[in-house]
Amino acid sequence: MEKMSTVEMQIAERARNYPGEALTNLHQFIDEAILAECFNSLNKRGASGVDRETWYEYNEQKGDRIPELLSKFKSGTYRAPNIRRVYIPKGDGKQRPLGIPTVEDKLLQTAVANVLTPVYEEIFYDTSYGFRPGKSQHQALDMLFKEVSFKGKRYIIDADMKNYFGSIDHQRLREFLDLRIRDGVIRKMIDKWLKAGILEDGNVSYPKEGTPQGGSISPLLSNIYLHHVLDEWFIEQIQPLLKGESFIIRYADDFLLGFTRKEDAERVMQVLPKRLGKYGLALNPEKTRLLELHDGEGQKPCTFDFLGFTHYIGKSQKGRDILKRKTSSKKLSASLKRMNEWLRHNRNRRVGELIELMNQKLRGHYGYYGITFNSKQIDNYYEQCKRLLFLWLNRRGGKPVWNWEKYCNLICEWKPLITPKIYHSYLLAKS
Numbered sequence: 006m007e008k009m010s011t012v013e014m015q016i017a018e019r020a021r022n023y024p025g026e027a028l029t030n031l032h033q034f035i036d037e038a039i040l041a042e043c044f045n046s047l048n049k050r051g052a053s054g055v056d057r058e059t060w061y062e063y064n065e066q067k068g069d070r071i072p073e074l075l076s077k078f079k080s081g082t083y084r085a086p087n088i089r090r091v092y093i094p095k096g097d098g099k100q101r102p103l104g105i106p107t108v109e110d111k112l113l114q115t116a117v118a119n120v121l122t123p124v125y126e127e128i129f130y131d132t133s134y135g136f137r138p139g140k141s142q143h144q145a146l147d148m149l150f151k152e153v154s155f156k157g158k159r160y161i162i163d164a165d166m167k168n169y170f171g172s173i174d175h176q177r178l179r180e181f182l183d184l185r186i187r188d189g190v191i192r193k194m195i196d197k198w199l200k201a202g203i204l205e206d207g208n209v210s211y212p213k214e215g216t217p218q219g220g221s222i223s224p225l226l227s228n229i230y231l232h233h234v235l236d237e238w239f240i241e242q243i244q245p246l247l248k249g250e251s252f253i254i255r256y257a258d259d260f261l262l263g264f265t266r267k268e269d270a271e272r273v274m275q276v277l278p279k280r281l282g283k284y285g286l287a288l289n290p291e292k293t294r295l296l297e298l299h300d301g302e303g304q305k306p307c308t309f310d311f312l313g314f315t316h317y318i319g320k321s322q323k324g325r326d327i328l329k330r331k332t333s334s335k336k337l338s339a340s341l342k343r344m345n346e347w348l349r350h351n352r353n354r355r356v357g358e359l360i361e362l363m364n365q366k367l368r369g370h371y372g373y374y375g376i377t378f379n380s381k382q383i384d385n386y387y388e389q390c391k392r393l394l395f396l397w398l399n400r401r402g403g404k405p406v407w408n409w410e411k412y413c414n415l416i417c418e419w420k421p422l423i424t425p426k427i428y429h430s431y432l433l434a435k436s
């Protein structure tokens with residue numbers, strides 16, 4: 006997207022030239038061409054908002070709709086529509102609320118987020134990995150591995166926040182935005198999104214705090230909030246006071262703090278809830294822990310979950326204590342449950358097509374979980390998926406037609422089922 010990249014570079018340069026100052030007149034960078042590019046970047050099969058309009062329906066009218074949207078945005082007459090709330094299952098059996106904006110609202114949110122992102126990329130810390138260009142979960146996992154394995158940070162605060170996205174204080178967020186963004190058009194638009202109604206079961210409510218998960222602007226706003234509340238506080242105020250070394254790794258609202266000295270970890274554990282509470286946030290006391298990692302000799306090793314993996318201290322090939330990881334049991338169970346449901350609904354497809362589609366899902370699983378030290382778990386996932394496919398192929402109606410030998414010939418020779426592969430191999434892990 007050449008024009009967008011040029012625009013982003015211009016905005017980033019402006020942000021660098023005026024460090025510590027609030028920027029104005031950023032809305033000038035949003036024009037019809039930018040809106041068209043943002044529209045094309047949207048998920049064409051994304052769920053519809055309250056108006057039930059699809060991407061394809063909007064696409065048929067975009068020649069008229071996009072100029073009209075731009076005019077309303079810049080004149081301040083655009084009204085943020087209600088957000089449709091649905092619930093998606095979490096790994097622990099609970100449900101997470103998800104807000105679904107209309108296609109047009111999602112388009113405008115994306116454009117505003119793209120304009121603001123270069124400004125905040127200049128001030129965000131490298132230890133923040135969630136929903137940022139060029140950042141990924143695997144980079145966060147790599148940093149965690151190095152900090153624990155090679156820098157001796159064995160005291161870990163494994164933090165879990167209560168309903169973070171629903172707890173963001175709107176006034177505090179506005180104060181944080183004031184530090185860098187004073188564009189009246191954009192700020193009024195953000196206020197409209199914060200105040201937008203939530204449609205659920207036919208009833209509309211107007212939240213006084215939080216940002217609805219699902220909106221294109223929400224990840225950026227949530228990152229801005231935690232940058233000031235947590236990252237900036239820990240790096241600039243807390244770390245200089247500690248006796249030993251430490252780290253913070255954050256992915257969206259999931260974060261870990263690590264320390265070389267137990268006394269530092271204990272001090273931070275005491276002040277962390279107070280810091281978050283000052284800004285309307287709270288830790289889940291049942292899930293937030295201070296851990297001392299050890300190799301498990303003579304006792305059960307300490308483990309913690311982060312970004313879908315269970316982490317623990319183990320031995321390298323040279324006998325060195327290093328941080329190892331495996332797919333968390335919750336994530337593995339959830340993945341197998343989803344695969345089972347998908348096979349149940351798709352078992353009557355042609356066999357070749359079914360395996361081809363299943364391979365796409367397997368490839369996605371290996372692409373994320375195929376990292377150093379996790380071979381056993383992705384092999385386990387493959388074997389269980391292989392058995393699920395065998396089960397559902399013999400439940401296609403009538404008598405079972407696949408015995409195990411014939412089935413193995415199918416998935417090994419005729420229409421191979423993709424086998425596990427390590428996609429993320431850290432050379433340092435082998436040292």
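Quick note: the sequence shown uses the working numbering, first residue 6, plus one each step. Cβ coordinates follow ideal geometry from the N, Cα and C atoms, glycine included.
Straight through space, the alpha carbons of residue 47 and residue 123 are spaced by roughly 20 Å. Apart from the 5 residues on each side of it in sequence, residue 204 sits with its Cβ closer than 6 Å to the Cβ of 55, 87, 89 in its chain, given in chain order. The beta carbons of residue 257 and residue 104 sit about 15 Å from each other, so the pair does not count as a contact at 8 Å.
Secondary-structure assignment with DSSP links residue 210 through a beta bridge to 203.
A straight-line Cα-Cα distance of about 28 Å links residue 287 and residue 138. Using a Cβ-Cβ distance cut-off of 8 Å, the segment 155-173 and the segment 187-197 are not in contact, since fewer than three pairs of beta carbons, one from each stretch, lie closer than that value. Ranking 418, 424, 363 by CA distance to the CA of residue 385 puts 424 first. The distance from the Cβ of residue 296 to that of residue 311 is about 11 Å, inconsistent with a contact at the 8 Å cut-off. Bounds of any beta strand (DSSP E) do not take in residue 54, whose DSSP letter is neither H nor E. Bridge partners of residue 263 according to DSSP: 161, 252. From the listed residues 91, 92, 237, 36, the smallest Cα separation to residue 129 is found for 237. Annotation for residue 191: 31, 32, 117, 120, 121 place their beta carbon closer than 8 Å to its own, counting only its chain and skipping 5 residues before and after. Within its own chain, the residues whose Cβ lies closer than 7 Å to the Cβ of residue 393, once the five positions on either side in sequence are excluded, are 344, 345, 348, listed in chain order. Assigned with DSSP and collapsed to three states, residue 72 falls in helix. For residue 178 and residue 62, the gap between their C-alpha atoms comes out near 35 Å. Boundaries of the alpha helix (DSSP H) harbouring residue 143: 142-154, taken from the DSSP string. Between residue 366 and residue 250, the C-beta spacing is not below 8 Å. Two segments are said to touch when three or more pairs of C-beta atoms, one from each, lie closer than 8 Å; by this definition the segment 108-117 touches the segment 214-230.
Taking C-alpha positions only, residue 289 is separated from residue 282 by approximately 12 Å.
Contact annotation, residue 37 with residue 16: C-beta distance approximately 18 Å; criterion of less than 8 Å not satisfied. Scanning its chain for C-beta atoms nearer than 8 Å, with the 5 sequence neighbours on each side dropped, one finds around residue 58 the residues 107, 108, 109, in chain order. Here residue 44 carries a helix assignment [DSSP, helix/strand/coil]. Around the CB of residue 350, fewer than 16 other CB atoms lie within 10 Å, so the residue is classed as exposed.
Straight-line measurement puts the Cα of residue 356 at about 9 Å from the Cα of residue 415. Beta-carbon to beta-carbon, residue 371 and residue 292 are separated by about 29 Å, too far to satisfy the 8 Å threshold.
Assigned with DSSP and collapsed to three states, residue 32 falls in helix. Taking the Cα positions, residue 391 is about 11 Å away from residue 364. The straight-line gap separating the alpha-carbon atoms of residue 101 and residue 313 is approximately 17 Å. Look at residue 429 here: in three-state DSSP terms it is strand. When secondary structure is reduced to three states using DSSP, residue 309 falls in the strand class. Counting only the Cα atoms, residue 23 lies some 26 Å from residue 175. Within 10 angstroms of the beta-carbon of residue 169 lie 16 or more other beta-carbons, which makes it buried.
Shown here, residue 322 sits in coil according to DSSP, grouped into three states, outside any helix or strand.
Among the bridge pairs identified by DSSP, residue 315 is matched with 310, 331. Excluding the 5 residues flanking it on each side, residue 92 has same chain C-beta neighbours closer than 8 Å at 100, 101, 102, 103, in chain order. Secondary structure at residue 224: helix, using DSSP grouped into helix, strand and coil.
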